[in-house]
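Have a look at the structure below, then the notes.
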Amino acid sequence: MSSIGEFIKEKREQANYSQATLARKCGLKYDSAVCNIEKGERKVTWEELGMISKVLGNFHVFDALVAAGFISQEDVNPVHRLYHLEELTDSDIEDVQKYIEFLLFKHPTESKEG
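Position 33 of the sequence shown, counting from 1, maps to 46 under the numbering used here, and the rest follow consecutively.
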């Protein structure tokens, strides 16, 4: 896939959304915004890409960035990818962080000498 626009078009069609419906659900000002993004006539912002990913629900933002060549697969470690964090409250995120710290305490890594 050579562009982020082509990637978005493919995912939009897989999700059976029209360009106008996707634009509306993403809060884009103009119905033609998605058309212009897909044709490469308009740049998509990080925030818009995140909203498109959330609305379509069939890809992660990182997948689009890899497809567009902005990052490589080596930049994304699927083992550590967390989904749906945007749906958590600040309190939930604090709890997740505490749990991570607990796990690190419970399973400390071997100290490196040197």
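Glycine included, each C-beta is placed from N, C-alpha and C at the ideal position. Computed from a predicted model, the values in this text were never measured in an experiment.
Considering only the beta carbon of each residue, do residue i and residue j sit closer than 9 Å?
i, j, result
"Lys24", "Phe72", "yes"
In its own chain, which residues sit with a C-beta less than 6 Å from the C-beta of residue i, not counting the 5 before and 5 after it?
i, result
"Val47", "Gln32, Leu35 and Ala36"
Just checking my contact of residue i with residue j at CB under 8 Å: how many whole Å lie between their CB atoms?
i, j, result
"Ala77", "Leu62", "6 Å"
"Ile17", "Val57", "6 Å"
Expressed to the nearest angstrom, what Euclidean distance is found between the alpha-carbon atoms of residue i and residue j?
i, j, result
"Ala28", "Leu69", "6 Å"
"Val74", "Asp44", "21 Å"
"Ser19", "Tyr30", "Sequence check: residue 19 is Glu here, not Ser. Cα to Cα, the separation comes out at about 15 Å."
"Lys111", "Gly53", "43 Å"
"Lys38", "Glu100", "17 Å"
"Ser85", "Val79", "5 Å"
Length at least 3, wholly inside the region 23-48: the beta strand (DSSP E) runs in chain order: none
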